[in-house]
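Trainee: Quick one: this structure, given as structure tokens, is what I'll be asking you about.
There are 2 protein chains.
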Amino acid sequence: MRIKNRDELVEVLGEKAENAIEILEEGLKAADPYEAVLKTLKLKGSEVFVRDLRAEVKGRVFVVGAGKASGRMAEAVESILGELINEGIVIVPRGTANRYKVKRIHLWEADHPIPSKSGVEGASRILELVRELKEDDVLIVLISGGGSALMPLPANDISIEEKQKLTDLLLKSGASIEEINTVRKHVSRIKGGWLAYNAYPATVVSLIISDVVGDPMNMIASGPTVPDPTTFKDAYKILTKYGLLDRVPSTIRGYIEEGVKGAHPETPKPGSKVFSKVYNTIIASNNISLSAMKKKANSLGYNAIILTSFLEGEAREVGSVVASIGKEILVHDRPVKKPAVVLFGGETTVTIRGHGRGGRNQELVLSAAIKIKGLKDILIASIGSDGIDGVTDAAGAMVDGETVLRAERENIDPEQYLLNNDSYTFFKKVGGLVYTGPTGTNVNDFTMILIK
Amino acid sequence: MRIKNRDELVEVLGEKAENAIEILEEGLKAADPYEAVLKTLKLKGSEVFVRDLRAEVKGRVFVVGAGKASGRMAEAVESILGELINEGIVIVPRGTANRYKVKRIHLWEADHPIPSKSGVEGASRILELVRELKEDDVLIVLISGGGSALMPLPANDISIEEKQKLTDLLLKSGASIEEINTVRKHVSRIKGGWLAYNAYPATVVSLIISDVVGDPMNMIASGPTVPDPTTFKDAYKILTKYGLLDRVPSTIRGYIEEGVKGAHPETPKPGSKVFSKVYNTIIASNNISLSAMKKKANSLGYNAIILTSFLEGEAREVGSVVASIGKEILVHDRPVKKPAVVLFGGETTVTIRGHGRGGRNQELVLSAAIKIKGLKDILIASIGSDGIDGVTDAAGAMVDGETVLRAERENIDPEQYLLNNDSYTFFKKVGGLVYTGPTGTNVNDFTMILIK
């Protein structure tokens, strides 16, 4: 993955932008679905290797999966396993199937973030397929962000419209992604470990791209191949907590209430024999990208540290804290000595109060720019690994101590743009937007301080 | 300086609170005015030593100064120099002079944050005294937070009421402390280096306790012994920026406008011979306290780092970022390996939206508590070094992963208390308030992550 406006950024921000771009590109490369599969999945003769797993293919190989990056993952799997693959169905976002060249894996289109009937049909076909698996077979599962909505399979007599209503209510309720998934797993026949349950006793190799901060595997795409520690009781509590018990469709409330009473089987739990031949591996994540960026920064001669892969908070305030650490390095040469790179990963939020255009990365960086005004040799950058920051065509932005001075010389007041959530317009005028185009992956955001 | 409710904190937060308390106390001790003077100023025979300065006392020794901690500094100076001191005037907050035992230095009471006539009289006396100094004499200046308001000496025919009006307008305008001081220096006969100007050619030893983030010496108490890089033009621009040009008294506007035209002498600038025998030394600061805390943490067996002494931002959002770094250490053992201490210094802000009681440190820590809910072996603390957090009698608070669970068991919803800016009430109910009482010093706030 490349940053497309490299020359422009170097012109605006000087030579130090070159290193910053190289480091960011390394993070994007590590998050690329194709590269990540190629790096993890190896074939030697009839043996499949995934890190410390070594599985001889005696029977058949099936490939299933769902997610925004899973089409590209399917391409990579075909390029490695080729004719070893017997059959496959991978669910991808509507209108994207023809982007990928696959012969043996069928790409099925469905919808997100609101699940649809075509998603249900795709999920049913996947479940039918995996039920055919025998002990000697290998199932390769390709999971990435969006997989939860793309592969819905409501339990019992719950309709997809009812499931849609549930998802909609949960998304608007303020519930966390963990809470949303706890509920979803308990009205599903495929999530929360049920896919692995149906594939038993075949060998299951699940390749996962994580878009959830902290990489909890049971949460990514609601963990179809991962033991589920949550219960019907937890799901019931969450509906109560957000006042949704009387608002969700009665079939869903009924199903969960029956589940609490033990009328439906619980999701497969940690320790179940179902998972004895299941290998879940995260092949791309914020954490993996940050490590690649750190290595790159080291190779360019920087002392580099990763401060966190759990970054969260209001973007502009996080920008202040990031700037405060930059100042510490400039003045006191700590927590890391110059030349220094400090890396942060995660996902901030923006409370919209104004009427401008922007994104969380651009807003973080604009706020930081104000705090580092006039300082020399410091650059701060932040981008979304999906290449799409907020409602803009940029991935994020990059600033230095000159950015605000340059703006002020043109009578552009950065504080006003920040107040109006108009960071995109600010950077359009002053320079510093980072363009990658949509990257086809998502491992959250990368934020970086670089000091010469 | 001691934390007064040690046993209670250890009972609520367990053994790990013991180490946290010891580390915080070390920071408070390093900020203590008496201890800081004792550590810096030495007398051997007739020679005075201050770090790398060695000055033989051939003539007289005068002591002057102003600030909330300067009374205590005066006590310490007397305890070291004793009868070597010929005369002294130090301005302290009203009602506090009788707290200090001094014989040779006169403690003069005045007012802050709004300057008063008694402040002017004290400042005039100080200026008269230092004008007597000859080449062989030594002037010791004791500067601490509040010194700017306590030692006002308006230029020309500006009255103290007019100066009060100016200070009042500036404090309410949203101008930064740097901007406020730039204006104040340009309507003063003692600030912005003028005290040093009047003491020339005596040796001037200025002992400074910094309450300004980043320790810019020309900003602390408006830098009476420090070269001033700012100009009448800067002061004029700041009044314009905040729309104060037509609102400040006409004498002040007139004086600054005349200054811009060159009718009044500029403050003494860097490089002036006036400063050739001036030694400004910061004896206590956030930075110095953080270093002492780091050393203490190391001696207790922790890997410790100082992340920043420039911390700023909305308290609750800063709390999120602090928690995100704590999580990184728990999960990935970086940026520093367990057992770990991470230190932050600076001063956050609180945007008040609710009707509760609290302070910036308590709010930061309550927000962090929500983010570390359920995590083991992590403690987060934040206190104001002055011992007074916001509108409360506590210095700050201390939490761990159990804090929110404990609250929830008692049906106390931390989110609601945070929303209502009611962190003090939350901690009153759940435990975790840190009490020191007023410490008589201020080097901003200490924030700490401690992981066993």
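From first to last, the protein sequence lines are chains D and H.
Residue numbering for the first sequence follows the working numbering, starting at 1 and increasing by one per position.
Residue numbering for the second sequence follows the working numbering, starting at 453 and increasing by one per position.
Glycine residues also receive a C-beta, built at the ideal position from the N, C-alpha and C atoms.
Note that the structure is predicted; figures quoted are calculated from it, not measured.
#1: Per DSSP, which residues does methionine 219/D bridge with? Please list them.
#2: What's the gap between the Cα of arginine 54/D and the Cα of aspartate 852/H?
#3: Going by DSSP, which residues form a beta bridge with aspartate 852/H?
#4: Please confirm if the region 387-396 of chain D is in contact with the region 357-376 of chain D, defined as three or more CB-CB distances below 8 Å between the two stretches.
#5: Which residues share a DSSP beta bridge with tryptophan 560/H?
#6: Measuring CB to CB, does glycine 122/D end up less than 7 Å from isoleucine 91/D?
#7: Find the nearest neighbour of glutamate 178/D within the set Ser222/D, Lys191/D, Gly193/D, Gly146/D, judged by alpha-carbon distance.
#8: Can you find a C-beta in chain D that's less than 7 Å from the C-beta of proline 787/H?
#9: Report yes if the CB atom of glutamate 478/H is closer than 7 Å to the CB atom of lysine 748/H, and no otherwise.
#10: Expressed to the nearest angstrom, what Euclidean distance is found between the alpha-carbon atoms of glycine 771/H and proline 152/D?
#11: Are isoleucine 378/D and valine 342/D close, meaning C-beta to C-beta below 7 Å?
#12: Report yes or no: is there a C-beta of chain D within less than 7 Å of the C-beta of serine 776/H?
#13: Tell me which residue opens and which closes the alpha helix (DSSP H) that leucine 28/D is part of.
#14: Flag valine 593/H as yes if its beta-carbon sits less than 7 Å from any beta-carbon of chain D, otherwise no.
#15: Using a Cβ-Cβ cut-off of less than 7 Å, give me the residues of the region 751-782 of chain H that come near chain D, in sequence order.
#16: Closest to leucine 207/D by CA distance: which of Pro249/D, Gly346/D, Glu35/D is it?
#17: Leaving out five residues before and five after valine 802/H in sequence, what residues of the same chain have Cβ atoms less than 6 Å from its Cβ?
#18: Applying the criterion that 16 or more other CB atoms from any shown protein chain within 10 Å of the CB defines a buried residue, is leucine 476/H buried or exposed?
#19: Alpha carbon to alpha carbon, what distance is there between glycine 599/H and alanine 562/H?
#20: If I measure Cβ to Cβ from arginine 699/H and keep anything under 8 Å in the same chain, skipping five residues before and after, which residues do I get?
#21: Could you spell out where the beta strand (DSSP E) holding arginine 54/D opens and where it closes?
#22: Figure out for me which residue from Gly145/D, Glu258/D, Val10/D has the closest Cα to the Cα of methionine 219/D.
#23: Identify the contact partners of glycine 214/D in chain H, using a Cβ-Cβ distance below 8 Å as the criterion.
#24: Whole angstroms are fine: how far does the CA of phenylalanine 762/H sit from the CA of isoleucine 835/H?
#25: Quick check: the region 2-18 of chain D against the region 435-446 of chain D, are at least 3 beta-carbon pairs closer than 8 Å?
#26: If you run the structure through DSSP and keep just helix, strand and coil, what is isoleucine 190/D?
#27: Which of the three DSSP states, helix, strand or coil, is assigned to leucine 150/D?
#28: Just mark lysine 58/D as buried or exposed, buried being the case when its beta carbon has 16 or more other beta carbons within 10 Å.
#29: What is the residue span of the beta strand (DSSP E) that aspartate 157/D lies within?
#30: Ordered along the chain, which non-local residues of its own chain (more than five positions away) have a Cβ less than 7 Å from that of phenylalanine 501/H?
#31: What residues from chain D crowd round glycine 798/H, counting only those whose CB sits closer than 8 Å?
#32: Unbroken beta strand (DSSP E) runs of length 3 or more, entirely within the region 751-836 of chain H: which are they?
#33: On the three-state DSSP scale, how would you describe alanine 736/H?
#34: Give me the Cβ distance between isoleucine 704/H and threonine 634/H, rounded to the nearest whole Å; I'm assuming they're in contact under 8 Å.
#35: Using a 10 Å radius around the Cβ and a threshold of 16 neighbouring Cβ atoms, would you call arginine 353/D buried or exposed?
Mentor: Quick answer:
#1: Methionine 219/D pairs with nothing; no bridge assigned.
#2: 42 Å
#3: Aspartate 852/H pairs with Leu831/H.
#4: yes
#5: Ile543/H
#6: yes
#7: Measuring from the Cα of glutamate 178/D, the nearest candidate turns out to be Ser222/D.
#8: yes
#9: Between glutamate 478/H and lysine 748/H, the CB-CB gap stays under 7 Å.
#10: Each residue's alpha carbon lies about 37 Å from the other.
#11: no
#12: yes
#13: 16-31
#14: no
#15: So the list reads Ile757, Ile758, Leu759, Thr760, Ser761, Phe762, Leu763, Glu764, Gly765, Glu766, Glu769, Val770, Ser772, Val773, Ser776, Ile777, Lys779, Glu780, given in the order they occur along the chain.
#16: Glu35/D
#17: Ala767, Arg812, Glu815
#18: buried
#19: Each residue's Cα considered, the two are about 10 Å apart.
#20: Leu621
#21: 53-56
#22: Per the Cα distances, Gly145/D.
#23: Lys779, Val783
#24: 15 Å
#25: The region 435-446 of chain D makes contact with the region 2-18 of chain D, as at least three CB pairs between them are under 8 Å.
#26: Coil at isoleucine 190/D, not helix or strand.
#27: helix
#28: exposed
#29: Premise fails: aspartate 157/D is in no beta strand (DSSP E) and is neither H nor E.
#30: Lys494
#31: Ser324
#32: 755-763, 792-798, 830-836
#33: strand
#34: No, isoleucine 704/H and threonine 634/H are not in contact; Cβ-Cβ is about 14 Å, not under 8 Å.
#35: exposed
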